[in-house]
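Worksheet: one structure, shown below.
In the working numbering, the protein residues as written are 248 to 1044.
Now the structure itself:
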């Protein structure tokens, strides 16, 4: 009896002890909760997190051209994430994720026992929910206090969100190395694919990264990354997430991060719009400050990816062609013999060299007569012959250009004969710019500010102020039409000598050819770019009047000299300003303002900005340009008329003859009848331009050195800049019908005598267009003989 009594007392005492311990534990937990709980987000706020999404910039047809921000992130919904990717993270990080309430008490108990028995902390016990809580709200300090806060927040997360919502947040928030946050960004960074196209092995590789993103980085540490990947696959297999066949197949898959087939570029000329992307970045920072980089903003530009790529390729091809016409600069640098004889060191050296302007770095390994053998990091060993080295003249040895160990560049030609697919090249010292613009809205459809943004961030399309040379003359001729001239007005092309303040004494301008042509119709003066005709026209209408008229086109008056040199294009404009000016001729006389941001949306998808450009139309009822833009369709959207429609048409028609018969004849190879344009060349061939358009597109090409240096004999606008324009327009207008600006109803065509500019009396003659009040009469023709007409011209001009 006494024994039973003692046994009962022991059981009661044990029960009491356990109850007391449990009560104490509850009290401790409650105390910890009461102490730390108020310091943490409550259940109403939990899970309301803003992902730091980078600024992304797109073309009008939704191709990514720029991404800015410290965190690379591509947010995905739970349904967009493959189940295999979810299970890979569950297997790697928290195999009881779908069973526990946010804190895995079994794992926590194991961690406590391990600490008591060994005195060492273990990584176990931290669930996916706890990791998410830490990433959202806590620091990474390894303290017991932080662990307690993690558990409280994890329980709150689980009370507010579903398992799927927690997993979605986690897989979008987790850091996975290489500035990639979330599995969407990791798939793009490591494999250049959307996540739904990853293989099982690739998903397991990504799931192995959270533990140590740097140590298990598959690009930097492929061996360690493979070990971690195989561990994840083993856990997936053990948990029944994948079957034997999938497991064995994935184990045999080689590490492919950074080497995926889609990442390999068979053509090294890459799509690039970084000059525009930088313009947008600066604009966004001005609007939103530093939050521009974290607010998830999406900017849709006005760029056409097709035309942007065409502009980039045309500019690079043109500058490389210029470079090939001039002296070889020599190798970029030289590698020593120790590097050349060590394959690992050689490949490391090549890996540290970047492509520039699509040009691949290569090291010369040997020269043999007219052949050169080279090695590249991406394309292996390449041999080129004499025909692939533009600077190798007949009978010369390749060693005269470069020797073993020299670093040079190769350009990919896209030749069907792969043995001829590469040519020797070099980064050109000459620079260029190109702008293409919709003349009806001002939307910039292509813009390139130099050979390679990585080499020079100076945006010559926007920032450079260069003399336009003869490409300024259409503005002067437009002013002449506004001051009583017609396309048939005779101007004397004869020597002139001026002593004008602001210019050198006894200024004796000449035509480019050095010849004089006597009485010349205004049209012929523009078609053949006669300098002496332009100077006499400017003197007749007055410099001040000419500047006022040119300002109507958007050309700043303070960038134009107040003397007769203006007739030769001595003003200073950027290529973009020239595009704005020429758009007036293309759109029947309206001034539209260039713009490049079409729409901005914030991180929640709300439209923060929508462009509402003023468009080139007389009214809102018949305005296709207005129908193609967002915003109200009322008179407030109509652009200001800069010049009369008949003036714009006549100048444009004269510039069509520039291409048909004048300095722009190189554009005839395009086989189109709707193109107008004008070459521009400054003294000593320092600047070369071609500016041209049809009624739907204005395009500007410019070539020159950043320092005002002559480009060399014959490097005129027709030779140095026009080929770039032609290459661009060939792609930009491919498949598009001719689009000539509409001829105003009151413009009339009359047959004239080409020598006198008067109506032809004896039949024949040539056609010329006139405004109604300028049409030459029969009486005028009878009174005006050829010699009298020439005398009149000399007296007037």
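Here a beta-carbon is modelled for each residue, glycine too, at the ideal position from N, C-alpha and C.
Residue range of the unbroken beta strand (DSSP E) whose run includes residue i
{"i": "residue 902", "result": "Here residue 902 belongs to no beta strand (DSSP E); instead the alpha helix (DSSP H) covers 892 to 908."}
{"i": "residue 846", "result": "844 to 848"}
{"i": "residue 923", "result": "923 to 928"}
{"i": "residue 856", "result": "854 to 857"}
{"i": "residue 303", "result": "302 to 305"}
{"i": "residue 754", "result": "It is not in any beta strand (DSSP E) - residue 754 carries neither H nor E in the DSSP assignment."}
{"i": "residue 598", "result": "Where residue 598 is concerned, there is no enclosing beta strand (DSSP E), although the alpha helix (DSSP H) it sits in stretches over 590 to 598."}
{"i": "residue 311", "result": "311 to 315"}
{"i": "residue 948", "result": "944 to 951"}
{"i": "residue 995", "result": "995 to 999"}
Candidates the options, of which the one nearest residue i by Cα
{"i": "residue 459", "options": "422, 326, 493 and 495", "result": "422"}
{"i": "residue 637", "options": "575, 395, 817 and 691", "result": "575"}
{"i": "residue 865", "options": "300, 892, 624 and 854", "result": "892"}
{"i": "residue 590", "options": "645, 617, 677 and 612", "result": "612"}
{"i": "residue 489", "options": "586, 696, 332 and 408", "result": "332"}
{"i": "residue 569", "options": "952, 1004 and 996", "result": "952"}
{"i": "residue 572", "options": "584, 726, 775 and 639", "result": "639"}
{"i": "residue 319", "options": "424, 826, 847 and 948", "result": "424"}
{"i": "residue 982", "options": "553, 931 and 907", "result": "553"}
{"i": "residue 723", "options": "399, 315 and 777", "result": "777"}
{"i": "residue 313", "options": "524, 436, 498 and 549", "result": "524"}
{"i": "residue 713", "options": "678, 438, 599 and 406", "result": "678"}
{"i": "residue 528", "options": "482, 340, 769 and 316", "result": "316"}
{"i": "residue 958", "options": "942, 971, 693 and 931", "result": "931"}
Cβ-Cβ distance between residue i and residue j below 8 Å
{"i": "residue 675", "j": "residue 566", "result": "yes"}
{"i": "residue 609", "j": "residue 656", "result": "yes"}
{"i": "residue 911", "j": "residue 937", "result": "yes"}
{"i": "residue 721", "j": "residue 898", "result": "yes"}
{"i": "residue 1015", "j": "residue 994", "result": "no"}
{"i": "residue 379", "j": "residue 416", "result": "yes"}
{"i": "residue 683", "j": "residue 822", "result": "no"}
{"i": "residue 451", "j": "residue 335", "result": "yes"}
{"i": "residue 905", "j": "residue 925", "result": "yes"}
{"i": "residue 544", "j": "residue 298", "result": "no"}
{"i": "residue 781", "j": "residue 728", "result": "no"}
{"i": "residue 842", "j": "residue 689", "result": "yes"}
{"i": "residue 760", "j": "residue 964", "result": "no"}
Per-residue burial, residue i [other beta carbons within 10 Å of its own, 16 or more giving buried]
{"i": "residue 887", "result": "exposed"}
{"i": "residue 541", "result": "buried"}
{"i": "residue 461", "result": "exposed"}
{"i": "residue 1093", "result": "Residue 1093 cannot be examined here, being either before or after the span of the chain that is shown, 248 to 1044."}
{"i": "residue 853", "result": "exposed"}
{"i": "residue 291", "result": "For residue 291, the pLDDT reaches just 48, beneath the cut-off of 50, and the residue's location in the model is therefore unreliable, although a value from the coordinates is still provided. Burial call: exposed."}
{"i": "residue 1011", "result": "exposed"}
{"i": "residue 517", "result": "Below a pLDDT of 50, predicted positions are generally treated as unreliable, and residue 517, at 38, falls in that range; no measurement from the model is reported."}
{"i": "residue 501", "result": "exposed"}
{"i": "residue 304", "result": "buried"}
{"i": "residue 954", "result": "exposed"}
{"i": "residue 346", "result": "exposed"}
{"i": "residue 984", "result": "exposed"}
{"i": "residue 547", "result": "buried"}
{"i": "residue 1026", "result": "exposed"}
{"i": "residue 457", "result": "buried"}
{"i": "residue 746", "result": "exposed"}
{"i": "residue 903", "result": "buried"}
Chain D contact for residue i (CB, 8 Å cutoff)
{"i": "residue 804", "result": "Included in the structure is just one protein chain, with no chain D present."}
Extent of the continuous alpha helix (DSSP H) run through residue i
{"i": "residue 442", "result": "Careful: residue 442 lies outside any alpha helix (DSSP H) and carries neither H nor E."}
{"i": "residue 335", "result": "330 to 340"}
{"i": "residue 828", "result": "822 to 833"}
{"i": "residue 563", "result": "552 to 571"}
{"i": "residue 786", "result": "778 to 788"}
{"i": "residue 972", "result": "969 to 979"}
{"i": "residue 586", "result": "584 to 587"}
{"i": "residue 378", "result": "375 to 384"}
Check: residue i C-beta below 7 Å from any heavy atom of the ligand COA
{"i": "residue 650", "result": "No copy of the ligand COA appears in this structure; indeed no ligand is present at all."}
Exercise. With a cut-off of 8 Å, do at least 3 Cβ pairs link the segment 728 to 744 to the segment 1016 to 1027?
Worked result: yes
Problem set entry | the segment 426 to 440 contacting the segment 393 to 400, beta-carbon criterion three pairs below 8 Å | no
For this session: Take every Cβ of the segment 698 to 713, pair it with every Cβ of the segment 816 to 831, and state whether three or more of those distances are shorter than 8 Å.
Result: yes
Exercise. Do three or more CB pairs link the segment 640 to 650 to the segment 828 to 847 at distances below 8 Å?
Worked result: no
Problem set entry | Three or more C-beta pairs below 8 Å linking the segment 799 to 806 and the segment 846 to 863 | no
Problem set entry | Contact between the segment 518 to 535 and the segment 470 to 489 (3+ Cβ pairs under 8 Å) | no
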